[in-house]
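Residue numbers (this note's numbering): 121 to 436.
Below you'll find the structure, written out as structure tokens, and then a few comments.
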Amino acid sequence: MLPVNSTSSIFSTFLLTGIPGLEDVHIWISIPFCAMFLITLVGNVTIMTVIWKEQTLHVPMYLFLAMLAASDLGLSLFTFPTMLRIFWLDGRELTLSACFTQMFFIHTFQDTESAIILAMAFDRYVAISRPLHYSSILTNSVIARIAFAIIVRTMIAQVPLPILLRRLCFCRSNVLSHSYCLHPDILKLSCSNTRINSILGLFMVLSNMGLDFLLIILSYILILKTVLSIASYGGRLKALNTCISHICAVVLFFTPMICLSILYRFRQKFHQNIYVLLANMHFLIPPVMNPIVYVAKTKQIRDRIIKLFITKENES
């Protein structure tokens, strides 16, 4: 990212916040966060490795799952380390450039994950409504174009944000509300005119994640319509069962974000830790839970993981 010219700002660093009121027990709080980070790393790397090595898993559903795992991994690598640094070392300071860089990557992986979940919804719709044409519709070239479109859309949305932040003066305070840098949180500390930043940030959220969520709902309305047209109860159950893992991913990703947006309207009525908890759930829980859910619900992934570890044991 570009360096920040901080001569117009009183502060040259931001101070991150752990969990307010629980500073004395940060070292104990770090234990579950360490466990979550380890599960995230092992789970997502394992899924990516298994899908990469197994040719039989090079189909749309699992290729999208590999993309989701990569996005989860990236999001975790830019959130967990600063949190653990606060809990372990009380290391709260970040330079403006470092903060803007972290913000850029957090929101980039957040937008990417939202788009991938939408692509997975489209994959489930095609698999259920057009099963005979599934492989001809979602070819490797189509998946590559979808991945390229996700990257382009995300870059268009996120690259302007840190660039526009560089022109702002920060003189009100330098204490952020979370353990990582987020765009709305940074804007609150500026004493410059942030109208353009706020409008652009809101527009990007609504046009990306907001639109993604609406299209996911539309996809499931169409899926439900198709499922209800299936004559046998067993056929309906089997079709819906293929969507359970994806539905869990949707709930894990969007529910904390929606709750956070609703509670923000009534922010004076709730304790600050409620917002901290929901923000942490939004950024930290999906990378932890997605690999667990997909391994638990997808027999093909479980079998390939077992096969991978058995092969390694035999080789050793």
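Each residue gets a CB set at the ideal place from its N, CA and C atoms; glycine is no exception.
For residue i and residue j, I'd like the C-alpha separation in whole angstroms.
i: L161; j: S256; result: 34 Å
i: M121; j: T221; result: Any answer about M121 is weak, because its pLDDT of 44 lies below 50 and its placement is not dependable; what the coordinates show is given next. When rounded, the distance between both Cα atoms is 6 Å.
i: D445; j: M377; result: In this structure the chain extends from 121 to 436, so residue 445 is not present and cannot be described.
i: A399; j: S297; result: 10 Å
i: L142; j: I149; result: 9 Å
i: I394; j: M401; result: 11 Å
i: P282; j: I147; result: 32 Å
i: T418; j: T176; result: 14 Å
i: S191; j: P280; result: 21 Å
i: F134; j: L334; result: 35 Å
i: I319; j: E174; result: 45 Å
i: I382; j: A369; result: 20 Å
i: M409; j: P152; result: 14 Å
i: L136; j: S299; result: 5 Å
i: S352; j: M240; result: 25 Å
i: R205; j: L214; result: 11 Å
i: S126; j: I306; result: Annotation note: pLDDT 44 at S126 (below 50); position unreliable, coordinate value reported separately. Their Cα atoms are separated by approximately 14 Å.
i: S217; j: C301; result: 11 Å
i: K358; j: I336; result: 20 Å
i: F429; j: T169; result: 12 Å
i: Y254; j: Q420; result: 19 Å
i: N317; j: C154; result: 34 Å
i: D144; j: M203; result: 15 Å
i: Q278; j: S349; result: 42 Å
i: L284; j: F268; result: 25 Å
i: M324; j: K427; result: 43 Å
i: G163; j: F374; result: 21 Å
i: K308; j: R212; result: 18 Å
i: F224; j: L252; result: 41 Å
i: K345; j: I276; result: 35 Å
i: R439; j: I367; result: This structure does not reach residue 439, given that the chain is present from 121 up to 436, and the question cannot be answered.
i: P123; j: Q392; result: Caution applies to P123, whose pLDDT of 47 falls short of 50 and renders its modelled position unreliable; the value that the coordinates give is listed next. Cα to Cα, the separation comes out at about 32 Å.
i: P140; j: I171; result: 41 Å
i: P407; j: G355; result: 31 Å
i: V295; j: D332; result: 32 Å
i: R265; j: L238; result: 14 Å
i: L326; j: I159; result: 31 Å
i: C219; j: S132; result: 11 Å
Could you give the C-beta distance for residue i and residue j, rounded to a whole number, given that I count them as a contact under 8 Å?
i: I167; j: P411; result: 5 Å
i: R422; j: V415; result: 6 Å
i: F229; j: G138; result: That belief does not hold up - the Cβ atoms of F229 and G138 are roughly 22 Å apart, past 8 Å.
i: N328; j: D231; result: 5 Å
i: P304; j: G321; result: 7 Å
i: V347; j: L360; result: 6 Å
i: L185; j: E233; result: About 12 Å; that fails the 8 Å criterion.
i: V478; j: L193; result: In this structure the chain extends from 121 to 436, so residue 478 is not present and cannot be described.
i: F403; j: I236; result: Not quite, the Cβ-Cβ distance comes to about 16 Å (not below 8 Å), so this is no contact.
i: F157; j: F198; result: About 12 Å; that fails the 8 Å criterion.
i: I405; j: L372; result: 6 Å
i: I341; j: C363; result: About 13 Å; that fails the 8 Å criterion.
i: V413; j: S365; result: 5 Å
I'd like to confirm the pairing. Which residues does DSSP put opposite residue i in its beta bridges?
i: F134; result: L214
i: V295; result: L135
i: F220; result: According to DSSP, which records beta bridges pairwise, F220 is partnered with nothing at all.
i: F290; result: S310
Please confirm whether residue i has its beta-carbon closer than 7 Å to some beta-carbon of chain D.
i: A269; result: Among the chains of the structure shown, chain D does not appear; only one protein chain is present.
What residue ranges within the stretch 180-214 form continuous alpha helix (DSSP H) runs of no fewer than 4 residues, ordered along the chain? Runs found: 180-197 and 200-209.
Spell out a yes or no on whether the stretch 251-266 and the stretch 304-318 are touching, meaning 3 or more CB-CB pairs, one atom from each, closer than 8 Å. no
For the stretch 303-329, which segments carrying the alpha helix (DSSP H) assignment without a break, of at least 4 residues, lie completely within its bounds, in sequence order? 303-307 and 315-325
Cβ contact check for the stretch 264-272 and the stretch 282-293: 3 or more pairs under 8 Å: Short answer: they don't touch.
For the stretch 230-250 against the stretch 180-191, do three or more pairs of beta-carbon atoms, one drawn from each stretch, fall closer than 8 Å, so that the two count as touching? yes
What runs of the alpha helix (DSSP H), each 4 residues or longer, lie entirely inside the stretch 138-176? The stretch 138-176 is shown to contain whole alpha helix (DSSP H) runs of 4 or more residues at 146-173, in chain order.
Ranges of the alpha helix (DSSP H) found wholly within the stretch 340-424, counting only runs of at least 4: 353-361, 364-385 and 392-417
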